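Engineer: Residue numbers (my numbering): 24 to 282.
Note that the Cβ used here is the ideal one computed from N, Cα and C, for glycine as well.
A quick note: this is a predicted structure, and the numbers were derived from the prediction, not measured.
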């Protein structure tokens, strides 16, 4: 039920392990810190990590006449979360489902969640370009989807997979908001200097090559990892960090373009 949702943003990645779920959670938290009412939908069936990242594991969801009721992170109800992870008894339990059942569950999560009025709904999607993505794209045609943020890392292997993701979006008619480069350098927790342990600027060059916006770069910052398991936003807890700057800029770009 997305009738009360003003803006829908997909977070995609060409491959797993690039920090897509971390970006999704911190993006949602940043929108909240900017005064918006936000929903976060985790439909990464094989690796639903949003409950873990936000410290919501063990929360129980239930259904009402209007559909699934999301988990609210506090009494203000400014951040609502729904994840396949809430249906698993143990975080170590794998989701061993065939394609049709996965498709049915994704469609249900996209259409049968009772969201209240939201300014932004962030959807954390599975990595790659599989059956699950086709289901997502089909459902997005029925709602107003602003577009997709594609998360990559600087390495050539990740960038090659992102090219496939971009081609997939173009063929299925999903607007690409831009590319966000994650793990772009390592920030020393003592002196805060940044060292490029991988290659650098791969996301910038790829954005130029395929003709889509570059939305920013995020370094590996151990201080951000400390926030894992909480609902604290990097922009409020580490306001002087380059990660906070990147998320504030990302939200600013998206907000300005969507007004």
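At a cut of 8 Å, does the region 203-212 reach the region 228-245 through at least three beta carbon pairs?
Structural biologist: By the Cβ rule, the region 203-212 counts as touching the region 228-245, because three or more pairs are nearer than 8 Å.
Engineer: Using only the alpha-carbon positions, how far apart do residue 137 and residue 48 sit?
Structural biologist: 20 Å
Engineer: Within this structure, are the beta carbons of residue 145 and residue 32 separated by less than 7 Å?
Structural biologist: Using a Cβ distance threshold of 7 Å, residue 145 and residue 32 count as a contacting pair.
Engineer: Flag this pair as touching only if the region 120-135 and the region 169-177 have three or more C-beta atom pairs under 8 Å; answer yes or no.
Structural biologist: Fewer than three Cβ pairs drawn from the region 120-135 and the region 169-177 lie within less than 8 Å of each other, which leaves the two stretches out of contact.
Engineer: Starting from residue 229, trace the alpha helix (DSSP H) both ways and give me its first and last residue.
Structural biologist: 225-233
Engineer: By the three-class DSSP mapping on this structure, what secondary structure does residue 175 have?
Structural biologist: Correct three-state label for residue 175: strand.
Engineer: Please classify residue 167 as buried or exposed, where buried requires at least 16 other C-beta atoms within 10 Å of its C-beta.
Structural biologist: So residue 167 ends up on the exposed side.
Engineer: Is residue 57 closer than 7 Å to residue 274 when the C-beta atoms are compared?
Structural biologist: For residue 274 and residue 57, yes; Cβs fall inside 7 Å.
Engineer: If you compare alpha carbons, which of 232, 251 and 180 is closest to residue 38?
Structural biologist: 180
Engineer: Report, in whole angstroms, the separation of the C-beta atoms of residue 162 and residue 134, which I expect to be a contact under 8 Å.
Structural biologist: 7 Å
Engineer: Based on Cα-Cα distance, which residue from 82, 123, 159 and 255 lies nearest to residue 109?
Structural biologist: 82
Engineer: Can you check whether the CB of residue 74 is closer than 7 Å to the CB of residue 44?
Structural biologist: no
Engineer: Helix or strand or just coil, what does DSSP make of residue 240?
Structural biologist: Strand at residue 240.
Engineer: What's the call for residue 66, buried or exposed, on a 16-neighbour Cβ count within 10 Å?
Structural biologist: So residue 66 counts as buried.
Engineer: Is residue 204 helix, strand or coil when you go by DSSP?
Structural biologist: strand
Engineer: Which runs of the beta strand (DSSP E) at least 3 residues long sit entirely within the region 36-66? Give them in chain order.
Structural biologist: 61-65
Engineer: My output table needs one value for residue 29: the three-state DSSP class, helix, strand or coil.
Structural biologist: Correct three-state label for residue 29: strand.
Engineer: In the DSSP output, which residue or residues are listed as bridge partners for residue 102?
Structural biologist: 61
Engineer: Run through DSSP, which three-state label would residue 90 get?
Structural biologist: strand
Engineer: Is the separation between the beta-carbon of residue 104 and that of residue 63 shorter than 7 Å?
Structural biologist: yes
Engineer: Tell me which same chain residues have a C-beta within less than 6 Å of the C-beta of residue 254, skipping the five on either side of it?
Structural biologist: 77 and 96
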